[in-house]
Each structure stands twice: as structure tokens, then as C-alpha cells.
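Colleague:
In our numbering, the protein residues as written are 440 to 920.
1. Could you pull the DSSP bridge partners for residue 583 from this structure?
2. Just to confirm, is the Cβ distance from residue 656 to residue 667 under 8 Å?
3. Give the single residue among 584, 689, 749 whose Cα lies nearest to the Cα of residue 711.
4. Within 10 angstroms of the Cβ of residue 809, are there 16 or more other Cβ atoms? Answer buried if so, exposed if not.
5. By Cβ distance below 6 Å, which residues in the same chain neighbour residue 912 in space, the five residues on each side in sequence not counted?
6. Sort out for me which residues DSSP pairs residue 662 with in a bridge.
7. State the DSSP-derived secondary structure class of residue 842, mapped to helix, strand or coil.
8. List the DSSP bridge partners of residue 902.
9. Assuming residue 496 contacts residue 524 (C-beta within less than 8 Å), just tell me the rounded distance between them.
10. Would you report the Cα separation of residue 885 and residue 835, rounded to the nearest angstrom?
11. Is the segment 773-792 in contact with the segment 819-830, if contact means three or more CB pairs nearer than 8 Å?
12. I'd like to know whether the C-beta atoms of residue 675 and residue 714 end up nearer to each other than 8 Å.
13. For residue 606, which of 865, 549, 661 has the nearest alpha-carbon?
14. From what residue to what residue does the beta strand (DSSP E) around residue 570 run?
15. Which residues share a DSSP beta bridge with residue 851?
16. Identify, in the order they occur along the chain, each residue of the same chain with its Cβ nearer than 6 Å to the Cβ of residue 812, setting aside the five sequence neighbours on each side.
17. What is the rounded straight-line gap between the Cα of residue 806 and the Cα of residue 830?
18. Strictly by DSSP, which residues pair up with residue 796?
19. Helix, strand or coil for residue 509? Go by DSSP, reduced to three states.
20. DSSP on residue 602, reduced to helix/strand/coil?
21. When you compare each of 661, 461, 858 to residue 631 by their alpha carbons, which one comes out closest?
22. Going by the CB atoms, is the gap between residue 910 and residue 755 shorter than 8 Å?
23. Leaving out five residues on either side along the sequence, give the residues of the same chain with a beta carbon under 8 Å from the beta carbon of residue 708.
24. Apart from the five residues on each side of it in sequence, which residues of its chain come closer than 8 Å, Cβ to Cβ, to residue 921?
25. If you measure between the beta carbons of residue 603 and residue 534, is that distance less than 8 Å?
26. Output yes or no for whether 8 Å exceeds the beta carbon distance between residue 662 and residue 670.
27. Could you pull the start and end residues of the beta strand (DSSP E) that residue 807 belongs to?
28. So, is residue 789 buried or exposed, given that buried needs 16 or more other C-beta atoms within 10 angstroms?
29. Does the distance from the C-beta atom of residue 850 to that of residue 827 stay below 8 Å?
30. Distance check for residue 724 and residue 765, CA to CA, integer angstroms please.
31. Work out the CA separation of residue 654 and residue 664 for me, nearest whole Å.
32. In this structure, how does DSSP classify residue 650 when only helix, strand and coil are distinguished?
33. With a CB to CB cut of under 7 Å and the five nearest residues on each side skipped, what residues in its chain are close to residue 634?
34. Count the other CB atoms, across all protein chains shown, that sit within 10 Å of the CB of residue 701; report buried if there are 16 or more and exposed otherwise.
35. State the DSSP-derived secondary structure class of residue 669, mapped to helix, strand or coil.
36. Quick check on residue 541: does DSSP put it in helix, strand or coil?
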């Protein structure tokens, strides 16, 4: 029962019913148009037939009007002649007095009634007859009258004392529908089964990928982000399926990144928090030697600073992901940005006896960037280089034009990254080799640098050199030549 109900209320069933209803409605509309056209055409044909027969009817009526017998017999003979004439010509003839009274009706239905004859227009005079509908209140409404466009003059030069009017019965809508219903029934008998079959095929073609998308979305709701829907079509359904597959892939990647993020954050917080808790306990319970109190305090401070830096980086990445950072758009000399960044890491370089140099031309200008965010990205790259450069090593900053942009390279000696790890260097919490896994830090510096560089319309990449690693930042530049 549930399966039957599901089928009856499914998208495919609704689509089938809709297509069948459209076909049935189309047949009815076509019948209505045919009825309207047929009704008008029949009326026009009837008028033309009566107008063509009217000269012969008038002529025979004139002959019957001037018999050689007595007056009483004249009237009787004239009426009988009109009746016979109406039968022969398959027409209905009315004799109208000047005041509009119907003196005789060969149909025998409106004799004695009043009928107004309208004035002839120019077009009526040209075609030789006038046609009109009876006024409201006339005993018959489904009728059209036809008469000569002017009064008839006898061969003796006098006008007839009456008008001869021909009546044409008009088919009403019901009669027209009765006439066309057999044809419509035959058309429906052929068209509806074909339309049902076509609707089933079309509904299946449309509903099948929709069912696949529904099943895939339900699987995603259960946490399975490996869903892919391939339909091999270029229409809206095909684009929807491709968009869904792309969305599923990205959501899966985001989910994997989030799980990795939680795992890494938990791991990175566990070690310093364990140290902080242990040392704080030794201070509070009095088990720590007095000589080690200062050292323990320094350890707690360093670990707290590490946790604070990790949380700050996470919050900053969260603001980037949420689109809450507002970027400025300024033209700024690259040398000014590099100078401030180099000055910031000089103390760290001196502690390790690192030779830090910068060679940036003053004519290199960054175009429509946020200087603060570019400076933070450059600082993160320099801090990463200083962290992995051995004592006595070198860090060099060089810049040059790169097409319509500016490329700034930061190279350091003494370190090397596996080639397969280079594309992942800017992933969050990535630590490829053992040195990187044990170097401390939040593991988010280069990830933040990539986000900030891309936010400013640039890109960042890393490569291995003969002496170490080079990270290149490419940003939009101003052409000063």
C-alpha cells in the first residue's frame, strides 16, 4: 500500500498526469476553435447560398404576384406558390409589410410578428443583399435574415407593397459541438493513448535522474559524501546533476578538512594544555623545587602563548571562511611592505645567525590590494622560512615583474620538501616531514598566507631549489613604465 501511494504521489506520476491533461486540453481547445470556425463558415455558406438563390426566388415570386384570377384567389395562390417555392429552393421565405408585420412565413412560425429591416449600408448595396440578426424579444433567436439591399420594383415600374425576406437558421453552439464530437472522439481515441505512452517515456526520462539525485541527497544527509550522479545530458537536469556531484565532492572535502582540523586542533592543544596543567599542579601542591619555579613559570607562559597563537589563527581563518574580513583596495609600493615584514623577523633571524637579505626595486607597486593583509601573508611566509632555516643559513627576498603583476619570492637554505607534499604545503595543519611535525607553531601560517593572497587577487606556490625552498607570491601590480 505504501509503495502504491508513493507511486501515485510521485513526481513521475504527476508529470504523466500533467502531460496527459495537456493533451486532452489541447484536443478540447482545438475542437472549440474548429466549432467556432465551422459555425461561422456554415453561416457564411448558408448566406451565400440563399443570396445566390434569391434572384430566382424573387422572379418566381413576381410571377406569382400577378395572376389572372380573382383577388381572393390571388392571395391564396401567392401564399401557396411561396410555400412550393420554399420547398423547391430549400429556403424559408417571409413576406414583410411596410410597417414590419410578417404577412406570411413559409415556415409557419412567426406569421403576424414584427420584424424591423435595417438600413442598407454601402457594402450591402455593393453585394446586393443585407443580412441581420433579429432584435431581442423576437420569437426565434437562432436565425439570420437576408433581403435585397433595396426595395424591389416590378416590371410596371412600381415598388412592391411588401418586402420578401429569406430566413436562414443558424447552428447554435450545442449543434456545432454535436457535429464535431464524433471527430473529436476519434481524435481522442487515437491521441490520448499515444500521449499517455509518450508521457510515460518522457516522465521516466525526466524522473529517473531526479530519483537518483534524491537518493544521493538522502545518502549525503546520512553522512556519505562520496555520492556522484552522472546522467550524460546537457540540459537543466544534466547541469543539476553535475552541480550536485561538484557540491558533494566539495562538501566531502570540507567534511574531511573539518575532521582533520578538529583532530589537529585537539592534538595541538592537548600537549601544551597537559604541560600547563602538570606544571601548574606542581606549583600549587608545593612539589616543585624552589629553584625550578621560574623555569616552570616560563614554560607555562610559553605554552599559553602557543595556545593563544593557535586560537588566534583559528579565529582569523574562521573570519576568512565566513567572509567577515573587509579588504581595502590601495596601490602600495612592494618595497614598503617587504621592509616592514623583514624588520619584524630580524630578531628571530639574529638568534639563529641567519643572513636575511631583501632586494626589491622601488618601482614595483602593488595594485588595489589590502596592504595589511598582504603584509601578514608575507610575514607568515618569512616566519615559516626562519623556522626551517638552520643556524647560519640564508633567507633572501627578491621581487620582479611578472606580466601584469608582481612576483615576490622568499627563498631559504637548508630545508627540503618532498615533491608529493608541495601541493599540500598550504593546507591547514600540514606538516610533511619530521622536522615540520616537531617544529612547533600552529601549522596555519601558510594556510592563512594563501587565503590572504587569493583574497587580494593573487596566488602562492612553492618549489624546491638546489639550496632549499622558494615560496613565490604573485600579486596584481601597477605598470609604472
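Positions of the beta carbon are idealized from the N, C-alpha and C atoms, including for glycine.
Modeller: Reading from the atomic positions:
1. Counting from one through the chain shown, the residue named residue 583 turns up at place 144. The partner list for residue 583 (beta bridge, DSSP) reads 607.
2. Within the chain shown, residue 656 is the residue found at index 217, counting from 1. Within the chain shown, residue 667 is the residue found at index 228, counting from 1. No; because the gap between Cβ atoms is not below 8 Å, this pair is not in contact.
3. Taking the chain shown and counting its residues from 1, the one referred to as residue 711 is at position 272. The residue with the shortest Cα to Cα distance from residue 711 is 749.
4. One-based indexing of the chain shown puts residue 809 at position 370. The residue is buried, with at least 16 neighbouring Cβ atoms inside 10 Å.
5. Numbered from 1 along the chain shown, position 473 holds the residue referred to as residue 912. Excluding residues within five positions, the ones whose Cβ falls inside 6 Å are 847, 892, 899.
6. Working through the chain shown from its first residue, we reach residue 662 at position 223. In the DSSP output, where bridge partners are listed per residue, residue 662 has none listed.
7. Along the chain shown, read from residue 1 onward, the residue named residue 842 stands at position 403. If DSSP states are grouped into helix, strand and coil, residue 842 belongs with coil.
8. Counting from one through the chain shown, the residue named residue 902 turns up at place 463. According to DSSP, which records beta bridges pairwise, residue 902 is partnered with 909.
9. Looking up residue 496 in the chain shown gives position 57. Looking up residue 524 in the chain shown gives position 85. The Cβ separation is near 6 Å, so the contact holds.
10. For the purposes of this step, residue 885 is taken as the residue at position 446 of the chain shown. For the purposes of this step, residue 835 is taken as the residue at position 396 of the chain shown. Each residue's alpha carbon lies about 18 Å from the other.
11. yes
12. Along the chain shown, read from residue 1 onward, the residue named residue 675 stands at position 236. Along the chain shown, read from residue 1 onward, the residue named residue 714 stands at position 275. Their beta carbons are not under 8 Å apart, which means residue 675 does not touch residue 714 by this criterion.
13. Translated into the one-based positions of the chain shown, residue 606 becomes position 167. Looking at the Cα atoms, 549 is the closest of the given residues.
14. In the chain shown, residue 570 corresponds to position 131, counting from 1. Start and end: 568-571.
15. Taking the first residue of the chain shown as position 1, residue 851 is located at position 412. Answer is 834, 908, bridged to residue 851.
16. Translated into positions along the chain shown, residue 812 becomes position 373. Same-chain partners within the cutoff: 891.
17. For the purposes of this step, residue 806 is taken as residue 367 along the chain shown, with counting starting at 1. For the purposes of this step, residue 830 is taken as residue 391 along the chain shown, with counting starting at 1. Rounded to whole angstroms, residue 806 to residue 830 spans 36 Å at the Cα level.
18. Walking along the chain shown from the start, residue 796 turns up at place 357. Beta-bridge pairing links residue 796 to 835.
19. For this step, residue 509 is matched to residue 70 along the chain shown. In this prediction, residue 509 has a pLDDT of 46, which is less than 50 and means its spatial position is unreliable; what the coordinates show is noted afterwards. Coil, per DSSP.
20. Within the chain shown, residue 602 is the residue found at index 163, counting from 1. Note: residue 602 maps to strand in three-state DSSP.
21. Counted from its first residue, the chain shown places residue 631 at position 192. That would be 461, whose Cα lies nearest to the Cα of residue 631.
22. Working through the chain shown from its first residue, we reach residue 755 at position 316. Working through the chain shown from its first residue, we reach residue 910 at position 471. No; because the gap between Cβ atoms is not below 8 Å, this pair is not in contact.
23. For the purposes of this step, residue 708 is taken as residue 269 along the chain shown, with counting starting at 1. Excluding residues within five positions, the ones whose Cβ falls inside 8 Å are 746, 749.
24. With the chain covering 440 to 920 only, the question about residue 921 has no answer from this structure.
25. Sequence index remark: in the chain shown, residue 603 carries index 164 (1-based). Sequence index remark: in the chain shown, residue 534 carries index 95 (1-based). Against a cut-off of 8 Å, the Cβ pair of residue 534 and residue 603 comes out as a contact.
26. The residue you call residue 662 lines up with position 223 of the chain shown. The residue you call residue 670 lines up with position 231 of the chain shown. No, the pair does not count as a contact, with Cβ atoms beyond the cut-off.
27. The count along the chain shown starts at 1 and reaches residue 807 at position 368. Residues 804-808.
28. Along the chain shown, one-based indexing puts residue 789 at 350. So residue 789 counts as exposed.
29. Residue mapping note: residue 850 aligns to position 411 of the chain shown, counting from 1. Residue mapping note: residue 827 aligns to position 388 of the chain shown, counting from 1. No, Cβ-Cβ distance for residue 850 and residue 827 is not below 8 Å.
30. What you label residue 765 is simply residue 326 of the chain shown in a count that begins at 1. What you label residue 724 is simply residue 285 of the chain shown in a count that begins at 1. C-alpha separation (whole angstroms): 49 Å.
31. For the purposes of this step, residue 664 is taken as the residue at position 225 of the chain shown. For the purposes of this step, residue 654 is taken as the residue at position 215 of the chain shown. Each residue's alpha carbon lies about 12 Å from the other.
32. As a working mapping, residue 650 is identified with position 211 in the chain shown. Residue 650: helix per DSSP, three-state reduction.
33. By one-based count along the chain shown, residue 634 stands at place 195. Same-chain partners within the cutoff: 458, 459, 462.
34. In the chain shown, counting from the first residue as 1, residue 701 sits at position 262. Classification for residue 701: exposed.
35. For this step, residue 669 is matched to residue 230 along the chain shown. In this structure, residue 669 counts as coil in the three-state DSSP scheme.
36. Counted from its first residue, the chain shown places residue 541 at position 102. Strand.
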